[in-house]
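Residue numbering for the sequence shown is 12 to 734, as defined by this note's numbering. All C-beta atoms, glycine included, are put in the ideal place defined by N, C-alpha and C.
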Amino acid sequence: MAEIPDAVKKCAGMLKGTKSDTEKFAALFMVTKLVKGKDCTVAAKKLLFEAIGFNFLKKLLSSKDLPNDCPPLVYKSVALSILTCFCQEEELATHKDMLEAIPTLLEIVETADDDDYDDNLIVVSEAYSCLKSIATYEPGQNALLAMGAIPKMSQIYSAQSFQTDEALHLIVLLVDKFGAESWSDDPKPFHALVQRIALDMETDHSERKYDLCKVLSSILKTCRRDVVFNSLEGEIWPESLFKGCGDILKSKIGPKQREPTLQLIATILQVLGIQWVFMDEQKSFFLVLLGLAAIEVRMQMDEKKLETTFKNSDLLTNCFVILELCIKHMASDQVDLDAKEKQTTYTALKGAFNQVLAVLTRVSNDKIKDSDKPRERKFIFAIVRILSAWLAQETTAMRPAIYKLLPFMFKVANESFHSLKTWRAGSREGEQPVDVLRIMLPALCHLAVEDDARKVIFTFKQDEVLLELLEFYFSIAHYKRPPVPRAERLKRMNEPDPVPTPKQLEEMKDAREAIVSLCNILMNFTVLEPKRAEDSPLFASILKFVVENLPELKDTSDNLVMNGHLSVLGLLLLKQQAHKVKKNDFSFCRYLQATIRFLWDAYNIDESIDPTALVVSIAYKEHWMEISELWFLGMQTMCGVLPLVPWISEFAIESGWAEGIVQTLKKVKIGTLPANVKSAYEDFLSQLVDVNADVVAVLKKADALRVCRNHRMMDLGKKLFGD
């Protein structure tokens, strides 16, 4: 007890010896003086806190049953003054009794506008001070969340009560800690809060505007995006943010203003999508924003020390988000830019990405590349990600430097992929890792056709990781009912299959897109590296994966494009590995059935308004832009496979496909059959006749003579009927 001053011991003794509330209250004035003294240690404060007894302080804060010789506000003020001093120590700020005071403190700040407080606003200020101190520590944060502090503070700010910036500070502190967990399923409180802040940001032209940008960014970053996005109808805060940010972009701003503005815009785009920048149906906001982000990247990465660049990683990452979304939007041809705008934009982007490439090259040769600091790793991932987004669109520039840098980019991307894989297989705690390798896939589609790039890919065994990636994303795209514990199987036998959640549906959609990109990359490898595709054990594994998994896919519209890509990839690999396929392999037979079904179902006359017109089937029509070339490649590859694996022709006969083609074409009006479709069918039927003599009788019986005459299929006619 030596560290406790005598005056504190004496005061604690007096407090414990008091016989009435009035005596104890009188002693509190002595406590107020002591706790503010420089000699009052944590132990001394704890002794005084326990001597007063929390129940007495609580009574002063909330009870109406107090001596009449003093207004209740004075009691509250004294109690809060003491609590504020105690709260500065972690041991007391997280004390069970202090946490129990939270509802009372919240009640005081919630009623800050009451007439009672008009003459003594210090009471409200000290209540906020206590709450801020409690919110500094994890037990306090957990208690504040559990007691509804976020919705209460949101209500205070929305109503523009006294000291609302204090409420905002508390909200930001808590949402930074709890993320999406901060918000309930009801989006109304969130919308009301953001609307109020957005209006303030739009109309405030002082430096506070940029503080509000930071606040909005923190709040939007943690929102439940699906809930918020799906409840936007009737909300005007996106428009307020558009006007507020537009005003900033039109004015002269320095670094202190640019950083919070770009941070806010990057966050808004992640919540609302790129369409937000076209809210006024003009392209001026888009062009100014893209130019500003590109210039910022160029300035921050221009010949500076790597340490300096890494210090500005938050700002640069926000610029990367903006640039990535802008580049993707331009690639979709949804922005109508004139020649001058295109040139200006391209020049700005090229300047920025030359610097990105230069910095990443320096990183790859610097010790920082092996840093295990999460912030630095995250920034390296972000640089590889944005460069990959640019390479997906810019398919010619910077090639020698890119080939040199590819091994390092693969190393970083593979690390991020394996982090995600581990996270999904584990408890899924913390923030979900970003898969940079998944983001690299569109760029790899282009690189796969370049000899130098393929050389790097195979030298560093990146093709092996791509198969691992294919297996991983297929497990997400092909949603299965979670396994039921054995003890519960009988009880749950008749339960309907659980429906995927909106988040799972989004993940499945992204996984399907990843598989399509992977198939395109692997198709390019197969066609351009035929010897490798024939001999490599890895390509044998890829074919095995396709053969075993394609038949498992559900026959749904969502799966059609992925189904087609896997079917045709299988055919291309089969062409190279025909000698390895056995006729009695059951899984291979199932694969063939699925592939024939994909090729067969594309065209029909049953769904046409005109019963003599061949049309793309309704199921395929929605996706035909994505799979028309794939269908023709599939038909062409099937023709190439038939001589190598002749017994596939038996499937074409037994399934009714060959006969079905003839019967369909027989009904098609003369002169209306598209030349490319005619060629695809004629080549296929001709190849069938060449490899299997039994086909002739089947086609003749289906009236192939009329088909050959009507559609001038001369080659097929000669094979079936001679000259």
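For residue i, three-class secondary structure by DSSP
i: Asn721; result: helix
i: Ala13; result: Bear in mind that the predicted position of Ala13 carries a pLDDT of just 47, short of 50, making it too unreliable to give a figure here.
i: Asn595; result: coil
i: Val308; result: helix
i: Tyr168; result: helix
i: Val134; result: helix
i: Val656; result: coil
i: Lys730; result: helix
i: Asn615; result: strand
i: Val627; result: strand
i: Ser568; result: coil
i: Lys294; result: coil
i: Cys22; result: helix
i: Asp215; result: coil
i: Cys51; result: coil
i: Ile259; result: helix
i: Ala454; result: helix
i: Trp668; result: helix
i: Gly159; result: coil
i: Arg235; result: coil
i: Leu684; result: coil
i: His340; result: helix
i: Asn703; result: coil
i: Tyr490; result: coil
i: Trp287; result: helix
i: Thr319; result: helix
i: Ala112; result: coil
i: Met573; result: helix
Closest residue to residue i among the options (Cα-Cα distance)
i: Asp566; options: Tyr631, Leu179, Val332; result: Tyr631
i: Phe556; options: Arg717, Lys542, Ser578, Phe536; result: Ser578
i: Lys316; options: Arg449, Ala454, Arg373; result: Arg373
i: Leu554; options: Leu580, Leu710, Pro494, Glu292; result: Leu580
i: Phe364; options: Gln311, Ser382, Asp377, His590; result: Gln311
i: Leu68; options: Asn721, Met109, Gln152, Ser195; result: Met109
i: Gly575; options: Trp642, Glu517, Ser528; result: Trp642
i: Ile93; options: Val134, Ile119, Glu121, Thr537; result: Val134
i: Trp611; options: Thr648, Lys591, Ala663; result: Ala663
i: Leu653; options: Ile638, Ile620, Ser697; result: Ser697
i: Asp701; options: His180, Cys650, Val183, Ala715; result: Cys650
i: Leu275; options: Met290, Asp258, Ser251, Leu231; result: Leu231
Neighbour-count burial assignment, residue i, 16 or more Cβ in a 10 Å radius
i: Ala13; result: Confidence in Ala13 is poor, its pLDDT being 47 and thus under 50, which makes the residue's placement unreliable; the coordinate value appears in the next sentence. Ala13 comes out exposed.
i: Leu451; result: A quick correction: the sequence has Met, not Leu, at residue 451. Buried.
i: Glu270; result: buried
i: Trp658; result: exposed
i: Leu247; result: Reading off the sequence, residue 247 comes out as Ile, not Leu. With fewer than 16 other Cβ atoms within 10 Å, it is exposed.
i: Leu455; result: buried
i: Lys730; result: buried
i: Ala23; result: buried
i: Gln366; result: buried
i: His106; result: buried
i: Ser660; result: buried
i: Asn595; result: exposed
Start and end residues, alpha helix (DSSP H) containing residue i
i: Trp635; result: 635 to 652
i: Arg396; result: 385 to 402
i: Phe435; result: One point to set straight first is that residue 435 is Arg, not Phe, in the sequence displayed. That run of the alpha helix (DSSP H) goes 410 to 436.
i: His590; result: Unbroken run through His590: none, as it is neither H nor E.
i: Ser229; result: 219 to 232
i: Val282; result: 266 to 283
i: Arg523; result: 513 to 539
i: Pro548; result: 548 to 560
i: Phe189; result: 175 to 189
Residue i: CB within 7 Å of a non-hydrogen atom of the ligand SAH
i: Arg386; result: In the structure shown, the ligand SAH is absent, as is every other ligand, since no ligand is present at all.
Residue-level contact to chain B via CB, residue i, 8 Å cutoff
i: Lys712; result: Although the question refers to chain B, the structure presented lacks it and comprises just one protein chain.
Exercise for the section: Assess, as a yes-or-no matter, whether the segment 662 to 673 is touched by the segment 620 to 627 under the definition of 3 or more beta carbon pairs within less than 8 Å. Expected result: Taking a cut-off of 8 Å on C-beta distances, the segment 620 to 627 does not touch the segment 662 to 673, as fewer than three cross pairs fall below it.
Problem - Inter-stretch contact (C-beta, 8 Å, three-pair minimum) for the segment 425 to 444 and the segment 476 to 485 - result: yes
Handout entry: the segment 465 to 473 contacting the segment 406 to 425, beta-carbon criterion three pairs below 8 Å
Key = A contact exists between the segment 465 to 473 and the segment 406 to 425.
Exercise for the section: Could you tell me whether the segment 487 to 496 touches the segment 445 to 461, where touching means 3 or more Cβ pairs closer than 8 Å? Expected result: Contact fails: fewer than three Cβ-Cβ distances are below 8 Å.
Practice task
Evaluate contact between the segment 379 to 396 and the segment 313 to 327, counting only Cβ atoms and requiring at least three cross-stretch pairs below 8 Å.
Solution key: yes
Practice task
Taking 8 Å as the threshold, find out whether the segment 383 to 397 comes into contact with the segment 353 to 362 through three or more Cβ pairs.
Solution key: no
Problem - Given 8 Å, three or more beta-carbon pairs between the segment 508 to 521 and the segment 584 to 591 - result: no
Problem - Contact between the segment 236 to 245 and the segment 290 to 304 (3+ Cβ pairs under 8 Å) - result: Verdict: no, contact absent.
Practice task
Assess, as a yes-or-no matter, whether the segment 594 to 601 is touched by the segment 530 to 549 under the definition of 3 or more beta carbon pairs within less than 8 Å.
Solution key: no
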